[in-house]
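Structure, as structure tokens:
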Amino acid sequence: MTSLAVTRERRPGETRVALTPDAVKKLVAQGCQVVVESGAGASALAPDADYAGAGAQIAADLAHALKDADILLTVNAPPAEAIAALKAGAIVVGLLDPHRQKAAVAQMAEQGLTAFAMELVPRISRAQAMDALSSQANLAGYRAVIEAAQAYGRAMPMMMTAAGAIAPAKVFVMGAGVAGLQAIATARRLGAVVTATDVRPAVKEQVESLGAKFVAVEDEEFRAAETAEGYARPMSEEYQVKQAALVGEHIKKQDIVVTTALIPGRPAPRLVSAEQVASMKDGSVIVDLAVDYGGNVEGSAADETVVAQGVKIIGIVNMAGRIAADASALYARNLMAFVALLIDKQGALAPDMDDEILKEALVTQGGRVTHPSLQGG
Ligand code: NAD
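Residues in the sequence shown are numbered consecutively from 16, following my numbering.
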């Protein structure tokens, strides 16, 4: 019987938990044993009693939770004390952020752990249920608009009242991937007039189907801006100048801007300059969802709301964590789909290390850092 452990997340500000009681119940039914550290779900609306009711054993502390664990399921890379408490050969699965959490990766390798990073799961159709980047980005996009609406001192929808009319808010979404499309949908549901931009041409139709207007420099480079994997390429300086001019004209008429633009493996592209921020009306709000990767907006700061010339720039790093119960529920389902590749029908540990998904997500094994993108530095 495979023993799964879930611990309380120790990263400051983390509110999510790797498994919800509902997920525990399903894993127990599949023949697994689940040990949950006391308090692990406290900030995600999942008290110990619910885990116990779902069939989990509650461990009083980290050491007890990890003592017999075959697999540690985690949201973030585990802290040093957790890695040290695991037996050699144990498996760790989580959003390990391996390119930045180098010390944790090195320690997991040294300890002989087999670590899988959920962000490295390939985006193939068989792995869709495991796509934690999408599940979390989707909720982050929703929540970014809710945060913006909360910080905005006016209404989002148009309102006709006996005392007169209120104009709808103008929302501009920059970067229309998973998070951006959900931000567009949410802003539309709240009644805003929405525009959006992206450098990938495939996005135009998706934006329009959500009832938003697409705004972009649609030149030759734009038509070739998508990689075979469906991600954005870094754009030329010439394109960026044209993009900045277009955005500059547009942005000063907007009330709310939500930026979500990322390029895999690189710092986030700078899309909004301090000058453009200053061109917006007093009371406007910007939410920079890329703040943890260097930010799309000049002047945004991690976990701060910076007020620049009357414009609020919100930089929440863990946006999905603001909606912890749902973020945890979706993430737990991503993990359950991944765990299904590690156990057999009786619940015994039986990972097929030749599986393409496991191979691509593998970060450390047998005392080594195995992922090619992490070697040599
Ligand atoms: P992401 O988080 O890497 O980037 C967010 C968005 O920013 C992207 O749409 C990107 O084009 C955009 N962007 C980058 N540079 C920009 C710039 N200079 N100006 C404006 N926008 C810029 O992307 P993501 O949300 O993870 O999704 C990327 C693609 O992958 C999408 O097409 C998505 O639908 C697709 N996807 C596929 C699967 C699957 O097949 N299983 C799963 C999830 C996502």
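We treat Cβ as the ideally placed atom computed from N, Cα and C, and that holds for glycine.
- The continuous alpha helix (DSSP H) containing valine 193 extends over residues 193-204.
- The shortest C-alpha to C-alpha distance from glutamate 319 to any of Thr89, Gly28 and Pro113 is the one to Gly28.
- The criterion of a C-beta distance shorter than 8 Å is satisfied by valine 272 and valine 287.
- Per DSSP, the unbroken beta strand (DSSP E) holding lysine 185 starts and ends at 185-189.
- DSSP lists Met175 as the beta-bridge partner residues of alanine 180.
- The nearest non-hydrogen atom of ligand 1 is less than 7 Å from the C-beta of glycine 190.
- Pairing leucine 364 with threonine 17, the inter-Cα distance amounts to about 6 Å.
- For glycine 263, there is no enclosing beta strand (DSSP E); the residue is found in the alpha helix (DSSP H) stretching over 252-266.
- Around leucine 154, the same chain offers Gln197, Met334, Ala335, Ile338, Asp341, Ala342 and Leu345 as residues with beta carbons nearer than 8 Å, after the five sequence neighbours per side are excluded.
- When Asp359, Ala316, Val300 and Thr379 are compared, the shortest CA-CA separation from glutamate 162 is found for Val300.
- In the structure shown, the three-state DSSP call for lysine 41 is helix.
- Spanning the alpha carbons of glycine 206 and leucine 277 requires a straight line of approximately 27 Å.
- For valine 312, no alpha helix (DSSP H) run applies, since DSSP gives it neither H nor E.
- Restricting attention to Gln45, Ala44, Asp63 and Gly46, the CA atom closest to the CA of valine 21 is found in Asp63.
- Membership of glutamine 221 in the alpha helix (DSSP H) is indicated by the continuous run 218-224.
- Taking all protein chains in view, the Cβ of glutamine 122 is crowded by 16 or more other Cβ atoms within 10 Å, so the residue is classified as buried.
- The Cβ atoms of leucine 389 and histidine 114 lie closer than 8 Å to each other.
- The beta carbon of threonine 242 sits closer than 7 Å to the beta carbons of Arg248 from its chain, once the five residues preceding and following it are set aside; these are given in chain order.
- If you ignore the 5 residues before and after lysine 228, its C-beta comes within less than 8 Å of the C-beta of Val209, Thr210, Ala211 and Val222, all in its own chain and listed in chain order.
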